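Below: one structure, written as structure tokens.
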Amino acid sequence: MGSDDDVKKGPWTAEEDSALYTYVTVNGEGHWNSVARSTGLKRTGKSCRLRWLNYLRPNLRRGNITLQEQLLILQLHSRWGNRWSKIAEFLPGRTDNEIKNYWRTRVQKQAKQLNCDVNSQRFRDAMRLVWIPRLVERIEAATSAQSPPLQPPPPPSLLLPPCIATDTSTSTWEQKSIIPENVSGSCSDTSDLRGGWWEGDGVDSSFESLWTEENICFLQHIFS
DNA sequence: AACACCGACAACCGCTCGGGG
DNA sequence: ACCCCGAGCGGTTGTCGGTGT
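So for the first sequence, full-length UniProt numbering puts the first residue at 1; every next one is plus one.
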């Protein structure tokens, strides 16, 4: 009959994971509805697909989002909005679900602290004025600590984005963007973004300290 | 020690899109 | 041109562990 009673929901067991992993390893991805039929799993095709993509798939990265990944997420989100799967393409090993959760739990929390909507111009400005420059500073600091820079770091003023009212199309942080210029809204070749700099988490991934009382006061002063 | 609260993550649900008949 | 179905995407909810009281 195939009633809803036959469909199992909730957390996956090790046995289910094993069955799914074995099937996909042998037969490849796709045809998710037949996965459930072939393996005897009482899960929907959707559920199988999600479990594979978000948990079982090889080369998944686990653990904290690094500073570089944070910066990339902020930059890509400013470009594509809530296109999580698109953003995830540029963060190898990270899933769209993970990025989405990161955004909802961390970024939206910061917006709440500033009493503004995460999609508002005000919060975008806050990201440009404080968050992203601080991230860039910390990434550069971490990088220069590992290997001496070829040239002296720029003065802090260079890292500060232009004022709110100015043209935002070429803000400073975008000039310092780690997104190659050939990556546009309809990017086709993303290969040079995949793999490389994020290997090895030698940096403190927590960003809570970026959003200090001082920074919040600074922003509230500007917004008032 | 027990309880309440909160944050992070896993999983589900509904909608949309694209391909095949 | 239309319909159906599978796959993918984004929003939402559920669960669990950690922390504060």
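Built from N, CA and C at the ideal position, the CB exists for glycine as well. What you are looking at is a predicted structure, and each value in this text was computed from that prediction instead of being measured.
Pair within 8 Å by beta-carbon distance, Val136 and Leu71: yes
Determine whether the beta carbon atoms of Leu50 and Tyr21 lie at a separation below 8 Å. no
Residue burial classification, Pro11 (beta-carbon count within 10 angstroms, cutoff 16): exposed
Could you tell me which of Leu129, Trp52, Thr44 and Thr66 sits nearest to Ala14, measuring between CA atoms? Trp52
Alpha carbon to alpha carbon, what distance is there between Glu16 and Arg37? 13 Å
Beta-carbon proximity of Asp96 to Trp80, cut-off 8 Å: no
If we count the other Cβ atoms within 10 Å of its Cβ and call it buried at 16 or more, is Ala145 buried or exposed? exposed
Using 8 Å as the threshold, is the C-beta distance between Lys42 and Lys86 below it? no
Evaluate Asp125 with the Cβ neighbour count: other Cβ atoms within 10 Å of its Cβ, from every protein chain shown; 16 or more gives buried, anything less gives exposed. Asp125 is classed as buried because its beta carbon has at least 16 other beta carbons within 10 Å across all chains shown.
Quick one: what's got a C-beta closer than 7 Å to Arg61's C-beta in the same chain, skipping five residues either side? Gly93 and Arg94
Does Thr66 pass the burial test, meaning 16 or more other C-beta atoms within 10 Å, or should it be called exposed? buried
Give the straight-line distance between the Cα atoms of Gly30 and Gly45, rounded to the nearest whole angstrom. 9 Å
What is the C-beta distance between Leu129 and Phe123, in whole angstroms, given that I count them as a contact (C-beta under 8 Å)? About 11 Å; that fails the 8 Å criterion.
Beta-carbon proximity of Ala88 to Ile99, cut-off 8 Å: yes
Inside the region 16 to 58 only - alpha helix (DSSP H) runs reaching at least 4 residues: 32 to 39 and 45 to 51
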